[in-house]
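Asks:
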Amino acid sequence: MIPRMKVLLALVLAMLATEGMAVAHHNMTAMFDFNDRVSLTGTLTKVDWRNPHTYMTVEVKGANGGMETWLIEGPAPSFFRIRDFGKADFEGSIGKTVKVELSRARDKSRSGLIRTFALPSGKVISACPQNC
């Protein structure tokens with residue numbers, strides 16, 4: 018009877034451990050409007066390079082002349098690595114001008130999902146068709 022309880026306990030612990038992972042990942046079409054495209058040119062100020070998604074912060078001059086902060090979500094780091102883009106490419110671009118096309122968040126906040134990202138070096142990464 019003791020071995021059965023150990024197996025049951027192990028299963029319960031495994032389910033609890035993976036529950037957070039399922040909640041952490043979200044449906045991209047629920048969060049972002051693929052028909053609402055936004056093009057930004059601004060200064061890359063921050064890179065958050067971790068799974069399950071990468072995040073970049075870009076400062077953009079707004080229509081009223083003030084600065085706007087945009088949070089840009091991208092695929093996992095592995096997506097970039099297999100396309101010969103690394104963390105160093107993005108971190109080396111901090112403080113420099115980047116061009117981004119994104120699918121805007123459905124809540125109309127200053128956030129979106131990467132469609133294309135152009136680094137100051139001229140390298141362009143496309144997340145389409147995955148994010149388009």
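Reminder that position 7 of the sequence shown reads as 24 in the numbering used here, one-by-one numbering, no gaps. Note that beta-carbon positions come from the ideal geometry of N, C-alpha and C, so glycine has one too. Since this is a predicted model, take the numbers as computed values, not measurements.
How far does the beta strand (DSSP E) with LYS78 in it reach, from first residue to last?
Replies: Residue numbering aside, residue 78 sits at position 61 when the sequence shown is read from its first letter. Where LYS78 is concerned, the enclosing beta strand (DSSP E) stretches over 71 to 78.
Asks: Among all the DSSP beta bridges, which residues are the ones paired with LYS116?
Replies: Locating residue 116 in the sequence shown gives position 99, counting from the first residue. LYS116 pairs with THR58 and ALA135.
Asks: Just to confirm, is the Cβ distance from ASP73 to ILE131 under 9 Å?
Replies: Taking the first residue of the sequence shown as 1, we reach residue 73 at position 56. Taking the first residue of the sequence shown as 1, we reach residue 131 at position 114. This sequence places Met at residue 73; Asp is not what is there. Yes, Cβ-Cβ distance for MET73 and ILE131 is below 9 Å.
Asks: Give me the Cβ distance between VAL77 and LEU57, rounded to the nearest whole Å; I'm assuming they're in contact under 8 Å.
Replies: Here the question's residue 77 lines up with position 60 in the sequence shown. Here the question's residue 57 lines up with position 40 in the sequence shown. Rounded, the Cβ-Cβ distance is 5 Å, consistent with contact.
Asks: What does the alpha-carbon distance come out to for the pair PHE102 and VAL64?
Replies: Looking up residue 102 in the sequence shown gives position 85. Looking up residue 64 in the sequence shown gives position 47. Between PHE102 and VAL64, the C-alpha separation is close to 13 Å.
Asks: Please identify the residue among PRO146, GLY109 and SER120 whose C-alpha is closest to the C-alpha of SER138.
Replies: As a position in the sequence shown, residue 138 is number 121, starting the count at 1. The residue with the shortest Cα to Cα distance from SER138 is GLY109.
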